[in-house]
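Reviewing the structure listed below.
Protein chains in written order, with full-length UniProt numbering: chain A, 1 to 233; chain B, 1 to 233; chain C, 1 to 233; chain D, 1 to 233.
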């Protein structure tokens, strides 16, 4: 008998397999989940299983409190971070965590990624936020659970909306991205790595490279996301 | 019944497919067009369609005012930039726009790429120009149309001829290249990325690396492009 | 008649073939050995043989004094380094040596790799040690044999345990990694290259990037290696 | 009827095809020749022909004065540089020219590549020489012919022997390598790119990284090339 979560598992499986295809992970250093907000569950990669051995069947179904609902394997160690975000952000159904090289390097510097060009502006009008490392008390507690709050707090402090900014660096750790679907969240992970790579090169060539001017930020964002958008079909 | 633009569409399709093969694009961040100056039209990639789903059939035929002549899909959002350049530059029939990593990083610094070696001189005798960002008024207007003028103006200010210099960086944005054919324009995109990469490394190793001496600039350019050229068959 | 070391040779062969697959070697610049501590022998790559020509059969069986026990080819020139480490470290059965790009570059700077993030902390709580170049007397003597002592001495000076820290840079030379199995030692080689690459990028972006805070170092290490570890299956 | 140079053409063809396989060339920016010192000829890549269209048959046979002996296509534009070197260096039968990224970047800085580690010392005991750009008079004359003398002169000024140092950077231009066979010359090209890449990274991490100590330079070179060498089979 097929699981009633079969479709969700297949979505999560396909999205996870995009991470090695897009060169965003070494070994098992990353995970994707696909959620169903109506059912209040998400499918996520099992912990420590190599991508070559993943199947739709071994995805783990978890609820928004982090309890395993279906599956024989232990879910990703980052599962509770995913759970917290799905619980609070009702309009997302996909989350990705990777240790991709350039985004992780920026996270290790504890610096936001400055908006230097239109590649960045095509996706968000703000610098990519880097959440400050959490307090020792939070680390000692339920660490992955707290990581979810660390992410939400960083957006809040900057007055950012999770529907406008779909990517963040967790300071000293690595990036998280999200979106309306798991596929969009994976897309955002690749875009973030690309933006991080270009910003790195830009700074290396010219340390005082200027941030993108406001008029260009707005123009590029609106042509893709505005009410009169004319990008895509 | 076959379109009378069938050949043009196939040329544009083949040239577009070279961009991922040459590692010049992530997702859909780039586009190639192939023009027929006699007919006054060009075939261009449809907007936002992944390279894996492109076919010769879904290329869009557009005239030099930017009007769609044939095709069911919306053309690339950069279409009007292509249109302006074809309208004014009568000896080109190919244009490429990418967000390739190194060329885009230089564009984000708002700096020309200095001519450091013979790899560069084999293709052009000048520093690769970086067009200054456009004014807020131009941005607020017909942005992609103005990008065409921004490019032409940058060459004009430097006394450059579009038949001698077939590549440019649009400041804060990314590169455009062109040529007598779409295939040559794609070739120029890969060459520009290569030149941009080498110039980056050269500056990193030695910030005050000297520009190439005049005698070498002339020699290398002439052996490939001069009246007594002896490069190629 | 099959060799009684057949299984060991196959393990060593499979592990060696991972090096080019993981992009850790150019030509023959690397080697893996797989040991059997009970039998007091290890199987190692023959010297100077391209990876494309390796087979399980041409692995060389060597004892912990460095004597060839079985095999027609000369073992890797680094064989005596492997022998010394197996002889003294009774809980490892795999060793890898590569000249991977980023780890080797750090080794050439004679600097430890600072712990900048959780990718590093997931594997070890310490900076990656760089063993000081050996004295001229040691070099002039039995060089590869002395390299084994150079590695052990570097750990000792830092109060490090080879079961906690499974990777080292040999100053001016290149990395060595080890583990309970050859497969784990190869895994450690790829992880070290990844850590070295991220640390390089981190320093380039921000020269004074802070080391990872203690609480995070402990948390990430324990969730993977501690008594209550909850990483993997 | 088969050409009497058939074997030489096949050797040159196979060696040329290694350049794209080793990621050392973009488009046609490189060439390999294979010489027969007894016959006084070499087979070289035709000029401007893409690697995908090369065959053993379209290799061009040239004598040591640079005259085409056999072949319908024009030989590589660098042919006279190859001819001069074969004429003067009687113990080499292979030469390679590429514009590989890191070696070319060093050539553009006009700096020798310092010997930072044993990867370098395994191949040569000296810094990789960078020949000074030639005088305007030499450039205006028979340029490629003069490039051969520029290379020989750079070795001579440093008291280097072409049998000990098989690689050089031509200032502002790009690398040349050579060897007893075309295959060895290609190997040297890949090694040079690897050394150039590592030296770049080493300098970026630590600008004042020390050169390799003398005792290690000698040890590593001798274990591979000395009378008691014990590297390889």
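No residue lacks a Cβ here, since even glycine has one placed at the ideal position from N, Cα and C. Just so you know, these numbers come straight off a predicted model, no measurement behind them.
Between the alpha carbons of residue 224/B and residue 126/B lies a distance of about 15 Å. Under the Cβ distance rule, residue 174/C counts among the residues neighbouring chain D, one pair being separated by less than 9 Å.
Residue pairing for residue 131/D: DSSP places it in a beta bridge opposite 170/D. Residue pairing of residue 97/C in beta bridges, as defined by DSSP: 31/C, 176/C. Around the beta-carbon of residue 180/C, fewer than 16 other beta-carbon atoms lie within 10 Å, marking it exposed.
Per the C-alpha coordinates, the member of 46/A, 104/A, 55/A positioned closest to residue 80/A is 46/A.
Around the CB of residue 175/B, 16 or more other CB atoms lie within 10 Å, so the residue is classed as buried. The DSSP-derived three-state label of residue 55/B is coil.
Residue 149/B is outside the set of residues whose beta carbon lies under 9 Å from a beta carbon in chain A.
Residue 195/D and residue 100/B have their C-alpha atoms roughly 26 Å apart. Contact between the region 195-211 of chain D and the region 94-114 of chain D is present: 3 or more CB-CB pairs across the two stretches fall below 8 Å.
For residue 133/A, the closest C-alpha among the options 217/C, 17/C, 40/C is that of 217/C. According to the DSSP assignment, residue 49/B belongs to no beta strand (DSSP E), since it is labelled neither H nor E.
With respect to the 9 Å criterion, residue 59/D and residue 124/D are not classified as neighbours on the basis of their beta carbons. Across the set 16/A, 160/A, 208/A, the C-alpha of 16/A shows the shortest separation from the C-alpha of residue 53/A. The DSSP assignment places complete beta strand (DSSP E) segments of no fewer than 3 residues inside the region 62-128 of chain C at 68-70, 94-98, in order along the chain. Secondary structure at residue 165/A: coil, using DSSP grouped into helix, strand and coil.
For residue 41/B, the uninterrupted beta strand (DSSP E) run begins and ends at 41-44, by DSSP.
At least one C-beta of chain B is nearer than 9 Å to the C-beta of residue 197/A. Check the Cα spacing between residue 171/A and each of 129/C, 212/C, 97/C: the tightest is with 212/C. Per the DSSP secondary-structure output, residue 60/C pairs in a beta bridge with 44/C. Between residue 95/D and residue 84/D, the alpha-carbon positions lie close to 11 Å from each other. In this structure, the straight-line span from the alpha carbon of residue 131/B to that of residue 48/B is close to 26 Å. Interface flag for residue 32/B against chain A is unset, since no Cβ pair is found closer than 9 Å.
A residue is called buried once 16 or more other Cβ atoms fall within 10 Å of its Cβ, and residue 229/C, having fewer, is exposed.
In this structure, residue 51/C sits away from residue 8/C, with a CB-CB distance that is not shorter than 9 Å.
With 16 or more neighbouring CB atoms inside 10 Å of its own CB, residue 185/A falls in the buried class. Contact annotation: residue 62/A and residue 55/A have beta-carbon atoms that are not nearer than 9 Å. Close to residue 99/D, with beta-carbon spacing below 7 Å, are these residues of chain B in chain order: 119. Note: residue 36/D is bridge-paired with 41/D in the DSSP secondary-structure output. At a cut-off of 9 Å between beta carbons, residue 46/A contacts chain C. Nearest CB-CB separation between residue 7/A and chain C: not below the 9 Å threshold. Only 140, 143, 144 from the region 140-169 of chain A bring a Cβ to less than 9 Å from some Cβ of chain C.
DSSP, read as helix, strand or coil, puts residue 209/C in coil. Of all alpha-carbon atoms in 220/C, 97/C, 157/C, the one lying nearest the alpha-carbon of residue 173/A is that of 220/C. In the three-state reduction of the DSSP assignment, residue 158/A falls in the coil class.
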